[in-house]
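This note's numbering numbers the first residue of the sequence shown as 4 and each following residue consecutively. Even glycine gets a Cβ: it sits at the ideal position worked out from N, Cα and C. Source: prediction; values computed, not measured.
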Amino acid sequence: MKITLLTGRTFDIQEQLGFEIKVVRSAQAKRLTLRIDEKARIPVLTIPPRCLTRKAVDFVNAHRDWITNMLARIPVSRSFADGDVISIMGKKYTVSHQPRRRGGAFIEQKQLIVCGAKEFMHRRVTDFLKKTAHDRLLELSRQKAALIDRVVHSVSIKDTKSRWGSCSSKSNINYNWRIVLAPAHVIDYLVCHEVSHLRHQDHSPAFWDCVASLCPDYQEGRAWLKVKGKELYRYT
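Here is the structure:
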């Protein structure tokens with residue numbers, strides 16, 4: 004394992020472990036902490052200002068099993084490819100690359116047609132999914148908000164590392180674009196969750212009662228995201 008400091012210096016720890024760890028020295032840190040940067044697929048070690056390198060090395064070695072297990076849980080990144088069967092807003096479509104056609108990407112019967120050169124295929128699919136996410140989730144959010152006498156001011160689609168959604172005190176809702184790849188009941192749960200924050204900016208019992216009023220089976224969608232949600236992050 005190698006520790007890579009922000010200065011660019013590296014320290015060999017146990018190269019045979021086969022992965023790198025980023026080290027951040029923080030003036031605010033009071034103790035050593037570890038987290039996983041899932042997008043970069045590396046662990047991140049935060050070190051207090053006066054922490055000795057030897058102590059940091061010992062800390063990492065003491066947690067090497069945890070690091071290995073957490074890294075193993077991260078899905079392997081991949082791109083959308085011709086022939087893939089993907090779910091879009093709860094319906095299955097086969098990705099069909101048709102390079103001679105023009106028009107970006109669009110739905111045609113049960114296919115997601117992707118036009119143009121192969122090297123642009125993944126980007127065109129993600130662009131299509133992000134636009135679909137915005138249009139459909141805006142519509143769903145407004146419908147759900149009306150049921151609890153609230154108004155959604157805006158919906159934005161983000162490429163977040165871990166959060167599926169958020170709702171601001173100004174009634175602006177953000178969604179992770181990958182949620183359109185989830186089953187329909189999961190999408191419904193997430194929309195109801197974020198819309199409920201228009202009434203309750205917390206996770207109090209009253210908030211969950213509001214979620215349940217909009218989505219009686221919300222626990223199924225919530226459980227799916229906890230167990231299988233990370234699989235959607237293989238699409239970058």
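{"Item": "C-beta contact flag for Y238 and R181 at 8 Å", "Value": "yes"}
{"Item": "Straight-line Cα distance separating G168 from R12", "Value": "Any reading at R12 needs caution, since the residue's pLDDT is 48, under 50, leaving its predicted position unreliable; the model's value is listed next. The straight-line gap from Cα to Cα measures roughly 37 Å."}
{"Item": "Where A43 sits in the DSSP three-state scheme", "Value": "coil"}
{"Item": "Separation of V183 from L235, as counted between CA atoms", "Value": "10 Å"}
{"Item": "Q204, DSSP secondary structure in three states", "Value": "coil"}
{"Item": "is_contact[V79, chain B] using C-beta, thresh 8 Å", "Value": "In summary, chain B is missing from the structure at hand, where a single protein chain is found."}
{"Item": "For C170: DSSP bridge partner residues", "Value": "I176"}
{"Item": "Chain-order list of residues whose beta-carbon lies under 8 Å from that of K95 (same chain, five-residue window excluded)", "Value": "V88, I89, K113"}
{"Item": "Three-state secondary structure (DSSP) of R225", "Value": "helix"}
{"Item": "Contacting residues, own chain, Cβ-Cβ under 6 Å from R127 (five flanking each side not counted)", "Value": "G107, A108, V117"}
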